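Undergrad: Residue 147 is where the sequence shown ends in this note's numbering, and the numbering goes up by one at each step.
The C-beta atom is built at its ideal place from N, Cα and C for all residues, glycine as well.
Since we're looking at a predicted model, the values are computed, not measured.
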Amino acid sequence: MNRPAARLMGAVALALLPVAALAQGPRPLLTESDLAPVSLGRDDALARELIARHRWREAAAHISAHTPGARLVKGFLLERAGDGSGAVAALDGLAERLPVLGDFARVTLGEALLAAERMADAVKAVA
21 MNRPAARLMG AVALALLPVA ALAQGPRPLL TESDLAPVSL GRDDALAREL IARHRWREAA
81 AHISAHTPGA RLVKGFLLER AGDGSGAVAA LDGLAERLPV LGDFARVTLG EALLAAERMA
141 DAVKAVA
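(1) In angstroms with no decimal places, state the Cα-to-Cα distance between alanine 79 and alanine 135.
(2) How would you label leucine 147, buried or exposed, when you count the other beta carbons within 10 angstroms and need 16 or more for buried?
(3) Measure how close the beta-carbons of alanine 90 and glycine 122 come, nearest whole angstrom, since I'm counting them as under 8 Å.
(4) Please state whether DSSP places glutamate 69 in a helix, a strand or coil.
(5) Within 10 Å of its beta-carbon, does alanine 72 have 16 or more other beta-carbons around it, so buried, or fewer, so exposed?
(6) Consult DSSP for glycine 95 and reduce its assignment to one of helix, strand or coil.
(7) Do leucine 98 and alanine 107 have their beta-carbon atoms positioned less than 8 Å apart in this structure?
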């Protein structure tokens with residue numbers, strides 16, 4: 021399959037994710053801990069300041085926490101910065117560990133895989 025066709029298939033799979041999510045049944049309820057701010061590590065304030073300035077790569081570099089929430093933020097930032105491989109490393113396996121944010125984690129992982137030109141993996145990530 022040629023690259024444009026593979027990219028199109030990946031984009032279609034990402035577009036269909038909301039339909040697949042509806043078919044999975046009821047979503048988990050939010051808990052109080054789900055609403056608590058995510059600690060980004062020892063440079064939390066600096067990372068948040070860099071995020072506010074849209075300095076994605078620098079902000080990601082200052083995230084030292086390894087919790088699922090911090091990994092999700094780091095993966096999102098790296099994907100925004102165009103670092104597909106770094107984003108994939110941060111996001112891999114998070115959809116199962118963060119049920120409330122699972123769809124967001126899957127879509128972000130799918131986008132990172134597309135950026136890393138791993139089309140087949142992108143389709144699997146959002147399936």
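TA: Checking against the coordinates, here is how it stands:
(1) Position 59 of the sequence shown, counted from the first residue, corresponds to residue 79. Position 115 of the sequence shown, counted from the first residue, corresponds to residue 135. Rounded to the nearest angstrom, the gap between the Cα atoms of alanine 79 and alanine 135 is 20 Å.
(2) Start at 1 with the first residue of the sequence shown, and residue 147 comes out as number 127. It should be pointed out that residue 147 corresponds to alanine in this sequence rather than to leucine. Exposed, by the Cβ-count rule.
(3) Walking along the sequence shown from the start, residue 90 turns up at place 70. Walking along the sequence shown from the start, residue 122 turns up at place 102. Contact doesn't hold; Cβ gap of about 17 Å is too wide.
(4) Position 49 of the sequence shown holds residue 69. Three-state DSSP puts glutamate 69 in a helix.
(5) Taking the first residue of the sequence shown as position 1, residue 72 is located at position 52. Of the other Cβ atoms in all chains shown, fewer than 16 fall within 10 Å of the Cβ of alanine 72; this residue is therefore exposed.
(6) Here residue 95 corresponds to residue number 75 of the sequence shown, with the count starting at 1. Glycine 95 falls in the helix class under three-state DSSP.
(7) Looking up residue 107 in the sequence shown gives position 87. Looking up residue 98 in the sequence shown gives position 78. Taking 8 Å as the Cβ cut-off, alanine 107 and leucine 98 qualify as a contacting pair.
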